[in-house]
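Data first, discussion second: the structure below is written as structure tokens.
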Amino acid sequence: MEFYKLGIEVTGKNDIVCHYKDDLGIQQYEFKIGQTFDRWDGSFKFYYDKSEGEVPTDYLANDMGWFVVSRKLKTIMETLT
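When we follow the working numbering, the leftmost residue of the sequence shown carries the number 3, and every step to the right adds one.
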């Protein structure tokens with residue numbers, strides 16, 4: 003079995019960093035406790051400020067600390083399992 007570590011490059015001067023305006027009652031660490039989350043209805047949204055950065059990366063930094071990846075990275079990771 004191989005292990006990989008993903009990191010976020012914090013020196014990317016123009017990379018998008020996502021923020022939320024309304025957590026809709028979803029606690030920041032609810033997705034990290036290893037339990038099924040059955041309240042997801044798709045209404046949660048991340049936003050970003052173009053003046054802070056506008057380059058999308060395959061692993062998006064966000065203020066919820068969630069693992070948010072592009073479809074491209076998701077597909078690559080699925081081939082590794």
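Ideal Cβ placement from N, Cα and C applies to all residues, glycine included.
Among the residues of its own chain, which have a CB less than 8 Å from the CB of residue i, if the five just before and after it don't count?
i, result
"L75", "D60 and Y61"
"Y50", "I18, V19, C20, H21 and E56"
"D65", "V19, C20, H21 and Y22"
"K34", "G67"
"E4", "L82"
What are the boundary residues of the alpha helix (DSSP H) that includes residue i?
i, result
"L62", "L62 -> not in any alpha helix (DSSP H); beta strand (DSSP E) instead, spanning Y61 to N64."
"T38", "Here T38 belongs to no alpha helix (DSSP H), and DSSP marks it neither H nor E."
"L75", "R73 to T81"
What residue range does the beta strand (DSSP E) around residue i cover?
i, result
"V19", "V19 to Y22"
Can you tell which of the options has the C-alpha that lies nearest to the C-alpha of residue i?
i, options, result
"K47", "K34, I28, E32 and S53", "I28"
"E11", "T38, Q37, P58 and D25", "P58"
"L26", "W42, G36 and Q37", "W42"
Which residues in the same chain have their Cβ closer than 7 Å to the Cβ of residue i, if we skip the five residues on either side of it in sequence?
i, result
"N16", "G55, E56 and V57"
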